[in-house]
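Reviewing the structure listed below.
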Amino acid sequence: MTRVVISGYYGFANAGDEAMLAAIVGSLKDIIPDVAITVITGNCRMTRENHKVQAVHRLNFFAIAAAIRRCDILISGGGSLLQDVTSARSLYYYLWIMKIALFFKKPVMLYAQGIGPVRGIKAREAVQKVLQRVSVIGVRDRDSKAELMDMGVTRPPIHVTADAVLSMHPVDKAIGLQILEQKGITGSRRRVGIAVRNWQGHQAYKDAIAQAADTLQQREDVDIIFIPMQHPEDVAAGRDIADRMKTRAIVLDDRYSTVEFMSLMGCMDAVVANRLHALIFSALMETPATAISYDPKIDSFIHLIGDRVCGTTESVTAEALASRVSQQLAQGGLEPAIKARLNHLRRQSLRNAYLALRILEGRDGVRKRLEQHRRSL
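Here our numbering is used: the first residue of the sequence shown is 1, the next is one more, and so on.
Quick look at the structure:
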């Protein structure tokens, strides 16, 4: 049995992070059939039930050390774990997890990570010192590679792959339609989904979204539906914006699975979001999306698919939002060039799991187990 430990921001009901975990687990199980996965998480029960893996709590340090001591590889990722904008403490926490694995002489892989921003001088030095000792680095965009190189990370080679979620396949829209029907959303009116988070007390983008939503309802005769990617924080953000509107909006307030979120995005005719994985889900379901940036990771993804952001949480205007969404409603679906880029990114995303497999096959005991398993098939 091949034992893998995964470290990341899991178990906090964040749709994007849970989707990343689902994608990583699925990819590993596809290529390593005898794999046993343990996830370091904030909610062991949720993680075990949703992902069918073993789990240890992120604050149970003895259990974490024991799991890593028994494993064949530590996977750190995906997501933006190594950044100090939201918290420097979390950056040091994820580095500490890697240092435990290095202490036990276990290979460490960064799996489709988005790096930075890392602003503190000591934090940058700490990242460089630890990453120089890991076995493989996979980052989700060129900006992340540039950030690591700027920190002085010279080994191992840095592989530019793609966000883990991009390896997922589209899901059935009937799932989302059933959710909408249960909320009383039926009929033939087009739908505009809005998936936003609060950000550092900024208010201007909320006013802009509210005004744009009013304009779209009057101009395009659409339903406005707020979709919470993280519960309950995004429910509050959606209600805040809905309260600023003059017209009616629907705020979904339940917790949803990765499949349900993807299906909901597929049921929209257009999406407005400053949540990265709302943008990714929309792209996977071929729903055009308008991005509002609050973090370089938004700009990086939008650039990767050949699109552009509509503005930032400080600069976006109602006029720009309404105009962009109206254009997308008129075009009806993703542009062919964006579809082509997404197909390329899906292939790049699948490379992450094969990089992990390459490391495992380089370990004698694991290689023998994998060969025995293949002969038994």
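Each residue gets a CB set at the ideal place from its N, CA and C atoms; glycine is no exception. Just so you know, these numbers come straight off a predicted model, no measurement behind them.
Annotation: the continuous alpha helix (DSSP H) that includes H303 extends over 296 to 304. Cα atoms of K122 and Q328: separation of roughly 45 Å, rounded to the nearest angstrom.
Counting only unbroken stretches of 3 or more residues, the beta strand (DSSP E) elements lying wholly within the stretch 271 to 356 are 289 to 293, in sequence order.
The C-beta distance from I227 to I194 rounds to 7 Å, short enough to meet the 8 Å contact threshold.
Only exposed fits M149, as fewer than 16 other CB atoms lie within 10 angstroms of its CB. When beta bridges are read from the DSSP output, H57 appears opposite T41.
Taking 8 Å as the cut-off, the beta carbon of I24 is found no closer than this to the beta carbon of I64. Considering only R363, R248, V56, Y256, the residue with the shortest C-alpha distance to I224 is R248. In the displayed model, S27 falls within a helix according to three-state DSSP.
Burial state of S7 is buried, judged by a 10 Å Cβ sphere holding 16 or more other Cβ atoms.
Per DSSP, A146 lies in no beta strand (DSSP E) segment; the continuous alpha helix (DSSP H) that holds it begins and ends at 142 to 151. Just so you know, the alpha carbons of T313 and A204 end up roughly 7 Å apart. Sixteen is the threshold: since fewer than 16 other Cβ atoms of the shown chains lie within 10 Å of the Cβ of P33, the residue is exposed.
No Cβ-Cβ contact shorter than 8 Å links A55 with T258. Measuring C-alpha to C-alpha distances from I40 to each of D30, K29, A15, C71 identifies C71 as the nearest.
Just so you know, the alpha carbons of S282 and V309 end up roughly 15 Å apart. The C-beta distance from I115 to V139 rounds to 6 Å, short enough to fall under 8 Å. The beta carbon of A162 sits closer than 6 Å to those of R140, L345, Q348, S349, all from its chain and outside the five residues before and after it, given in chain order.
Pairing K339 with R324, the inter-Cα distance amounts to about 19 Å. Here the C-alpha atom of Y111 lies approximately 43 Å from the C-alpha atom of D221. Boundaries of the beta strand (DSSP E) harbouring S76: 73 to 79, taken from the DSSP string. The C-beta of S135 has 16 or more other C-beta atoms within 10 Å across all chains shown, which makes the residue buried. Per DSSP, I227 lies in no alpha helix (DSSP H) segment and is marked neither H nor E. Between the alpha carbons of S293 and K129 lies a gap of roughly 30 Å. Residue range 2 to 7 is occupied by the beta strand (DSSP E) that includes S7. Short of 6 Å from the beta carbon of R133, and not among the five residues preceding or following it, lie these beta carbons of its own chain, in chain order: L102.
Remark: C-beta atoms of M229 and R275 approach each other more closely than 8 Å.
In the structure shown, I137 falls within a strand segment according to DSSP collapsed to helix, strand and coil. For the alpha helix (DSSP H) assignment, the uninterrupted runs of no fewer than 4 residues enclosed by the stretch 167 to 254 are, from N- to C-terminal side, 173 to 182, 204 to 220, 233 to 244.
With a contact defined as Cβ atoms closer than 8 Å, D214 and K246 qualify at about 5 Å. When only Cα atoms are considered, R255 and K99 end up about 34 Å apart. Scanning its chain for C-beta atoms nearer than 8 Å, with the 5 sequence neighbours on each side dropped, one finds around Q331 the residues P288, in chain order. According to the DSSP assignment, Q113 belongs to the beta strand (DSSP E) that extends over 108 to 113.
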